[in-house]
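Numbering (our numbering), first residue to last: 95 to 1057.
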Amino acid sequence: MHAAAFSQVVSPTPAAQGQPETSSPDAAQSSASSDIVVTGSRISRRDYSSASPISTVSLEAIKSTGEVTLEKSLMTLPQFGIGENSTQTGFGSTGQATLNLRGLGAFRNLVLLDGRRMQPSNVQQAVDINTIPKSLIESVEVITGGASAVYGSDAIAGVVNFRTRKNFQGLMLDGQSNITGHGDGKVVDVAGTLGSNFADGRGNAVISMSYSKRNPVGFQSRAFYRENRGGTDLRIPTGAYTVGSNAPSQAAINALFSSYGVAAGSVSRNAALSFNADGTLFSASNGVFNYKGSQGGLLFNTGTQVNNLNVYLTLQAPLERYTAFGRTTYELTPDITAFGQFQYANYSTQVVVESGNTALSIPVTNPFIPAALSTLLASRANPTANLTLQKRFLEAGPRLTNRDFEVVQLVGGLQGKLTGIDGSWEVYGSHGSTSIDENQPGSVLISSLKALLNAADGGKSICAGGYNPFGVTTLSSACQSYLVASPYRKTTLKQDVIEANIQGGLLTLPGGQLRFAAGADYRRNSYATNVDRILQQADVVGVLFTSDSSGSTSVKEIYGELLVPIMKDMPFVHSLDLDLGYRYSDYNLSGGVHTYKADVTWAPVPMLLFRGGYARAVRAPSVGELFVPNNGAIPNIGEASNGLGDPCTLGSPARFGSNASAVRSLCIAQGVPAAVVDTFVNTQNETNATNSGNLALKPETADTFTAGVVISPKLEAPWFSRLNFTVDYYNIKVTNAIGVVAAGQSLASCFNYNGSNPTYSSTNFFCKNVTRDADGRLLNVFQPTLNLGAYKTAGVDFQLDWSIALDAIGLSPSSYLDLNSSVSWLDKFDVQTAAGGVFAHYAGTVGSTANGQPGSLPKWKAATSLSYRNEAATLGLRWRYLGAMQSASRATNPASTTPGQSPYNLFDLYASINVLKDYAFRFGVNNLFDRDPPRLGGQFGVTEASTYDVLGRTFYVGVNVKF
């Protein structure tokens, strides 16, 4: 059993060299079994080598990773950046699994199943690969770079084609179980596949069904995370009284804390104050005094502040999934075959985040105000003014987002051979729908909250016991029902595709047969979301107004491709081929666009191939980018001490240095009161934000250049008979890029962290996205969807596949040693937020995909496997490597002093045993040495969970049985 990491397409006979099979069935079928269709082209041809860099992951390689979900199996490939995955569990994550080629976004690469478009799984029209029938996968082909001329929109960064088994016969059962070394995070996956020929072999039918369940892993279950000191955000479950410009007198503060035995002057009149269980007060920032212990398990004393530990968070999102896949083919005539296919997935996910929070405005007549706080309030310049209490609603429980997904796709059509032109044709139609049902238990209702807080009796007349916000309260069942709800929304996505393709030969040239492909298609995508009354009335704490919305896009396309064999079997020219492609797309909203490509391959000798090309790619805006209504979000904006967060807070580096005066003036112009600007402290590391779609969006375009060399000696010497080596350079520039201006980007750019506002003008584009309340705190940051600036990325991929039969060193001829290594070097990854603006340089930085960042982008990334195999067993060791990285804050704020990360190495052990002919067992250990993730920015208990392993050593065992 071959367990290579993956291999490159080199020749039509890699299987004979011990490599995974690399040919790909596309929309058109070859006219002869020896013809090959390579992903990235729709032309089939004998002796076909790819002009574009293509990587192929074999089924054995997928199984050797020990991962039940496909996204984690493929994430070892250096070409992939961070997509949605099982360890993205914070606010706003979905529990889905998406692929992100080159770090350009999951919506900029196209995911295919047997060369056909799959049903999108979210409003960005990205495909959740949880819906793919893993048990039927034969291989996965990855082409990086622009492929829009061949496949249409969405293929800016490339294409991932999942290839399924054909003509399956018999019964196959497969099962696997995973568990971490801590005894948690159990994953179970079982699948059954049944297939048979019928009608004297003219037809074949196959059905495959699977069930998977993944258990959550708690945030506090790992010692690494228990070291977390929390953030500076003081929206804590006991509530924090924050003073603003109407502060109590210092004398009153001194008198109160002296009664607690705290020396006068220790607590500043501007310090945030909170409440012990006995009703006394403690200082929650600028030094912690009179703190009498945690309440509700969420308070942690660092000596300078009391923080939120987010103990409800999970490191691994739970998932339960059912899938079904069926396909029937029937030969109507020797040259015409009918086919039908269905795909079904039903799965549920749950995302857990900390309890909701907000700033409460409470009248001084509220009967629950502790006596000690009343004394301080009376000492204010305006003693009758409402007080502001920052509050996290622990009593409401954690905020859960439960999502149920149902994805259905039906495909049917005809395909056949065209003997006269040595070609083939296909016509098919596809209809798919995605239904997403979402509810959010633990949501606090604003209207109920205001009624309780403003009631003269504290709400006792509304529900039993009323509501006391000062400290951690246990709500009565009546108040729980009155205050806490579970808002609901439903989103429906539909896609219809009609496509016709033809390919074959035109005439014979001296260099070979001139071949072509041509076709036309129609595609319609629609979107609708319906929300309940609670969300329509913006009645949920932390969630802004949202409403029902719907819309659709459609496109008509024609394309043509020409493969020109220029020369063959001449001195210094074993072969020289040119591949040209063109597509015209007419979008109902975006208008007409042109995409095209030109690729060339030159083999001076059979063992050496040079390849390269240029492609113009286009991506039209998705239904989500166009039609999603205004809706609330709560993005994390980071810590001010790390060069992120609110630049106006005194803890921000922006308040010091040569531009401190300009920053101060901008803070005042933006809404920070002049009376408090010199003592202003905003400890929030997240903020309310508003997202919205934009019907005025235009398509984005990309120019891709590739150049590479393939070395395949194929020598008689056993040491070199199974050797393939490739080096490929890529350069991609995306212009008019569609994206969201994230809250963190607006704050950093408004305050000129990256040169975007050199005059510190309050009317700067980024500054106008930010609004503050009367006390200067962030009230909302608008996150518009716009045609922004550009992305520029470039790098080099290296791939080595080597195998040797061990009879070369006197051992058994049926034993092999395999070495597979994939290495990627990232030269640049530059992001321009606004046209004409500066570029932020992200190559070699570590960070999440929040705040508009592209995620971790190491300069060096590698995956290497060394395995021994014979007819009965395989034993292998895999080495995963991530190079050293700087903090992503350096990209937007070059002056940031946040430390970076050292290189990171993980080792996995895998094995398989074949018992008789039809029984195969596999088992292994991932993260063999139980390596902890590194501390991000030097902070205890903080890391990037999508980049580094947060679960620790994991064991798996699986079995495959065939009948």
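Note that the Cβ used here is the ideal one computed from N, Cα and C, for glycine as well.
If you're wondering where the values come from, they're calculated on a predicted model, not measured in any experiment.
Spatial neighbours of residue i within its chain, please: C-beta separation below 6 Å, excluding the five flanking residues on both sides.
i	result
K662	G605, G606 and S669
G849	V932
G994	M979, Q980 and S981
G765	R866 and G870
F462	G552, N562 and F564
I156	S167
Suppose the cutoff is 7 Å on Cβ atoms and the five residues either side in sequence are ignored; what does the same chain contact list for residue i look like?
i	result
T181	L409, Q410, A1039, S1040 and V1044
G517	S125, I596, Q597, G598 and G599
V405	F313, Q314, G391 and L392
K544	none
K485	R329, G333, N451, T452, L454 and P563
Y1042	Y998, P1027 and P1028
P310	T408, Q410, A411 and P412
In this structure, does DSSP put residue i in helix, strand or coil?
i	result
D797	strand
A982	coil
Y576	helix
K157	helix
F313	helix
V63	The first residue shown for the chain is 95 and the last is 1057, placing residue 63 beyond what the model contains.
Y319	helix
V151	strand
Q631	coil
I762	helix
I1061	Limits of the chain in this structure are 95 at one end and 1057 at the other, which puts residue 1061 out of reach.
G434	strand
G751	coil
F704	strand
S906	coil
A937	coil
L720	helix
R211	strand
What residue range is occupied by the uninterrupted alpha helix (DSSP H) comprising residue i?
i	result
K418	The question names Lys, yet the displayed sequence has Ala at residue 418. Careful: A418 lies outside any alpha helix (DSSP H), inside the beta strand (DSSP E) at L413 to T427.
E165	L164 to L168
Q190	Unbroken run through Q190: none, as it is neither H nor E.
F351	Q344 to S353
G838	A837 to C844
I540	I540 to N548
L791	Careful: L791 lies outside any alpha helix (DSSP H) and carries neither H nor E.
G134	No alpha helix (DSSP H) contains G134, which DSSP labels as neither H nor E.
V649	It is not in any alpha helix (DSSP H) - V649 instead sits in the beta strand (DSSP E) that spans S643 to M664.
I'd like the span of the beta strand (DSSP E) that includes residue i, first residue to last.
i	result
A612	G606 to V625
L738	From DSSP, L738 is part of no beta strand (DSSP E); its letter is neither H nor E.
L894	A884 to A899
K955	W954 to R963
V917	Y910 to Q926
V361	Where V361 is concerned, there is no enclosing beta strand (DSSP E), given that its DSSP letter is neither H nor E.
V694	G685 to V699
Counting only the same chain and skipping the five closest in sequence on each side, list residues whose C-beta sits under 8 Å from that of residue i.
i	result
S644	S620, Y621, A622, T623 and F721
K955	P172, V917, S918, L920, Y975, L976 and G977
G397	G381 and V382
S759	Y854
Is any heavy atom in the ligand FAD found nearer than 6 Å to the beta carbon of residue i?
i	result
A622	This structure lacks the ligand FAD, and indeed carries no ligand of any kind.
I want to know whether the stretch 418-429 touches the stretch 299-312 - three or more CB-CB distances under 8 Å. Taking a contact to require three or more Cβ pairs closer than 8 Å, the stretch 418-429 and the stretch 299-312 qualify as touching.
Which ranges does the beta strand (DSSP E) cover as unbroken runs of at least 3 residues, wholly within the stretch 461-529, from first to last along the chain? Fully enclosed beta strand (DSSP E) runs of 3 or longer: 481-486 and 493-512.
Mind listing, in chain order, the continuous beta strand (DSSP E) runs of no fewer than 3 residues lying wholly within the stretch 218-302? Runs found: 231-238, 252-258, 264-274 and 281-292.
Quick check: the stretch 520-540 against the stretch 333-340, are at least 3 beta-carbon pairs closer than 8 Å? The stretch 333-340, when compared against the stretch 520-540, does not touch it at the 8 Å Cβ threshold.
Scan the stretch 859-884 and note each continuous beta strand (DSSP E) run of 3 residues or more that stays entirely inside, going in chain order. Taking only runs of at least 3 residues, the beta strand (DSSP E) segments lying wholly in the stretch 859-884 are 864-866, 872-877 and 879-881.
The stretch 318-336 / the stretch 433-445 touching (three or more Cβ pairs under 8 Å): Two segments are said to touch when three or more pairs of C-beta atoms, one from each, lie closer than 8 Å; by this definition the stretch 318-336 does not touch the stretch 433-445.
If we count Cβ pairs, one from each stretch, closer than 8 Å, do we get three or more for the stretch 734-750 versus the stretch 652-666? Touching, no.
Taking three-plus beta-carbon pairs below 8 Å as touching, is the stretch 187-207 in contact with the stretch 864-879? Judged by Cβ distances under 8 Å, the stretch 187-207 makes no contact with the stretch 864-879, as fewer than three pairs qualify.
Three or more C-beta pairs below 8 Å linking the stretch 487-497 and the stretch 554-572: Under the Cβ criterion (8 Å, minimum of three pairs), the stretch 487-497 counts as touching the stretch 554-572.
Between the stretch 263-280 and the stretch 215-223, do at least 3 Cβ pairs fall closer than 8 Å? With a cut-off of 8 Å on Cβ pairs, the stretch 263-280 is not in contact with the stretch 215-223, counting fewer than three such pairs.
Say whether the stretch 903-912 touches the stretch 1000-1011, bearing in mind that this needs 3 or more beta-carbon pairs closer than 8 Å, one atom from each stretch. The stretch 903-912 vs the stretch 1000-1011: no contact.
Are the stretch 503-523 and the stretch 342-351 touching, with three or more C-beta to C-beta distances below 8 Å? No, because fewer than three Cβ pairs between the stretch 503-523 and the stretch 342-351 fall closer than 8 Å, the two stretches do not touch.
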